[in-house]
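S.K.: Please read through the structure below; I'll follow up with questions.
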Amino acid sequence: MCERPGNLRQIKVVERASLGTLFEAIEEEGYTIVGPTVREQTIVYDVLDSPDDLPVGWTDEHAEGTYRLARRDDDALFGYVVGPHTWKKYLFPPRIRLWSASRTSQGFEVNEEHRDLPKYAFLGVRACELNAILVQDNVFLKGPYIDPVYKSRRRNTLIVAVNCTQAGGACFCVSMDTGPKASGNFDLALTEVIEDGRHYFTIEVGSDRGREILGRVTGKDATKAETASAETAVSRAESQMGRVLDTKDIKEVFYNNYNHPRWDEVEKRCLACANCTMVCPTCFCTTVEDTTDLSGGQVERWRRWDSCFTTDFSFIVGGSIRQSTRSRYRQWITHKLATWIDQFGTSGCVGCGRCITWCPVGIDITEEARAIREKEPVDTSAGAEP
Ligand code: SF4
Ligand code: SF4
460 MCERPGNLRQ IKVVERASLG TLFEAIEEEG YTIVGPTVRE QTIVYDVLDS PDDLPVGWTD
520 EHAEGTYRLA RRDDDALFGY VVGPHTWKKY LFPPRIRLWS ASRTSQGFEV NEEHRDLPKY
580 AFLGVRACEL NAILVQDNVF LKGPYIDPVY KSRRRNTLIV AVNCTQAGGA CFCVSMDTGP
640 KASGNFDLAL TEVIEDGRHY FTIEVGSDRG REILGRVTGK DATKAETASA ETAVSRAESQ
700 MGRVLDTKDI KEVFYNNYNH PRWDEVEKRC LACANCTMVC PTCFCTTVED TTDLSGGQVE
760 RWRRWDSCFT TDFSFIVGGS IRQSTRSRYR QWITHKLATW IDQFGTSGCV GCGRCITWCP
820 VGIDITEEAR AIREKEPVDT SAGAEP
């Protein structure tokens, strides 16, 4: 985890041609670098060997239910927004064996799990994603139950944030006060600048560990002009947000509208496919499955991601509590934007926009929240006033 740096804010400038020395300095510390790369026309997170593995010259276009890669007219490395993957796949794996047991002549013997403890450097963490990691820290590390899997992985992780210099069509981090600039809790934070034929990065130190690494990277102290250019680039992203979500009295908006007619409208469209929860960087529902081999001599217990959109998720004695899609969508958005605040002290949404982009029918959390806020539903029947 990131500790506070010992002294003043330090910003270094590293030219694009020298960025490989950052990779080398991180790897010398024993980290495996994971970050954005292009696979099957999507930007995903995977192991990176060098800056050339980044999405060089690619951007992504987002709208409700739509995602497309497109070529940029420059060779930016971080000129995209976010893809369908989130860092939770490393900190909170989609599927993990909790324990296993073998039958012996004395009965069953539980086998201890010997886990590999990966040491990851997350390269390219956006400000909204950094906030999503903090949201999951609250859930897994600060409540009455500490999740040992998350704890061991999180402790070992180096965070290299990248400030956004452009926003996507589904982004609303400004509304959620989570971006587009990383404001802390990172080891290093990069801002990419391409201007006047020059391509460089300002790199800000956020921890002593980050400072040590940056000390071995080829570069020089940033000038005022270089820092100003980086700040201008981030301001550009701030003014480009594709979406807005009004968070004023947001808890009351949902608590006072359990029976709003909009829930019936969204039910007609929602497929209960659970995509929105799978791509969300803060969703953390899981289920537990037990398996045995054919002889019954070996048993295993696995934890895997689940979703509040499945009927089984709320199954208790006598059946499922949330049988209708209406009740499951209402549960999801009310938890994200209202009950999460009472439960964990923060919103469960960081405004990354993934649930909007990856919803196959284009349901938009900001649009649904706006409709719930409007007490009188808009009449969209023929002849109605716009
Ligand atoms: S609810 Fe949607 S916009 Fe909010 S953090 Fe999750 S995926 Fe991102
Ligand atoms: S809101 Fe969209 S992504 Fe989420 S369950 Fe419904 S159809 Fe699937």
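Mapping to the working numbering: the sequence shown position 64 is 523, numbers consecutive.
Glycine included, each C-beta is placed from N, C-alpha and C at the ideal position.
All of these numbers come straight from a predicted model, not from anything done at the bench.
1) Closest to Val758 by C-alpha separation, out of Trp764, Ser766, Asp765 and Asp749, would be which residue?
2) Considering only residues of the stretch 584 to 640, which uninterrupted alpha helix (DSSP H) runs meet the minimum length of 4 residues and lie entirely inside it, listed in chain order?
3) Does any heavy atom of ligand 2 sit closer than 7 Å to the C-beta of Ala733?
4) So if DSSP puts Glu654 in a beta bridge, which residue, or which two residues, is it bridged to?
5) If you draw a straight line from the C-alpha of Ala586 to the C-alpha of Val619, how long is it?
6) Helix, strand or coil for Thr545 per DSSP?
7) Could you check whether the Cβ of Cys818 sits closer than 7 Å to any heavy atom belonging to ligand 2?
8) Going by beta-carbon coordinates alone, are Ile470 and Ile662 separated by less than 8 Å?
9) Across which residues does DSSP place Thr751 in a beta bridge pair?
10) With a Cβ-Cβ cutoff of 8 Å, do Phe645 and Leu730 count as a contact?
11) Are the Cβ atoms of Met700 and Cys630 separated by less than 8 Å?
12) How is Arg531 classed by DSSP in three states: helix, strand or coil?
13) What alpha helix (DSSP H) runs, 4 residues minimum, are completely inside the stretch 757 to 795?
14) Between Val837 and Val652, what straight-line distance do the alpha-carbon atoms span, to the nearest angstrom?
15) Quick check on Ala648: does DSSP put it in helix, strand or coil?
16) Please tell me whether, using a cut-off of 7 Å, the distance from the CB of Cys632 to the nearest non-hydrogen atom of ligand 2 is below it.
17) As a quick exercise: from Pro603, Thr745 and Arg760, pick the residue whose alpha carbon is nearest that of Phe551.
18) Count the other CB atoms within 10 Å of the CB of Glu844; is the residue buried (16 or more) or exposed (fewer)?
19) What whole-angstrom Cβ distance do Arg787 and Phe768 have, given they're in contact under 8 Å?
20) If you follow the beta strand (DSSP E) that Lys471 is part of, which residue opens it and which one closes it?
21) Taking Cys735 and Trp817 to be in contact with their CB atoms under 8 Å, please state how far apart those CB atoms are, rounded to whole angstroms.
M.R.: Inspection of the coordinates gives the following:
1) For Val758, the closest C-alpha among the options Trp764, Ser766, Asp765 and Asp749 is that of Asp749.
2) The stretch 584 to 640 contains these whole alpha helix (DSSP H) runs: 586 to 600, 607 to 614 and 632 to 635.
3) At least one heavy atom of ligand 2 falls within 7 Å of the beta-carbon of Ala733.
4) According to DSSP, residue pairing for Glu654 in a beta bridge involves Arg657.
5) When rounded, the distance between both Cα atoms is 11 Å.
6) Three-state DSSP puts Thr545 in coil, outside helix and strand.
7) True, at least one ligand heavy atom lies under 7 Å from that Cβ.
8) Here Ile470 is near Ile662, since their CB atoms are less than 8 Å apart.
9) According to DSSP, which records beta bridges pairwise, Thr751 is partnered with Val758.
10) Not a contact, by the Cβ cut-off of 8 Å.
11) Their beta carbons are under 8 Å apart, which means Met700 touches Cys630 by this criterion.
12) Collapsing the DSSP output to three states places Arg531 in coil.
13) Runs of alpha helix (DSSP H) with 4 or more residues, each lying fully within the stretch 757 to 795, are found at 784 to 793, listed in chain order.
14) Any reading at Val837 is ruled out, since the residue's pLDDT is 45, under 50, leaving its predicted position unreliable.
15) Reduced to three states, the DSSP call for Ala648 is strand.
16) No, the beta carbon of Cys632 sits no closer than 7 Å to any heavy atom of ligand 2.
17) Proximity to Phe551 across Pro603, Thr745 and Arg760 peaks at Thr745, based on C-alpha coordinates.
18) Any answer about Glu844 is weak, because its pLDDT of 29 lies below 50 and its placement is not dependable; what the coordinates show is given next. Around the beta carbon of Glu844, a 10 Å sphere encloses fewer than 16 other beta carbons of the protein chains shown; the residue is thus reported as exposed.
19) Between Arg787 and Phe768 a beta carbon distance of about 5 Å is seen, short of the 8 Å cut, so the two are scored as contacting.
20) Counting along the chain, Lys471 sits inside the beta strand (DSSP E) bounded by residues Ile470 to Glu474.
21) In this structure Cys735 is in contact with Trp817, their Cβ atoms being roughly 7 Å apart against a cut-off of 8 Å.
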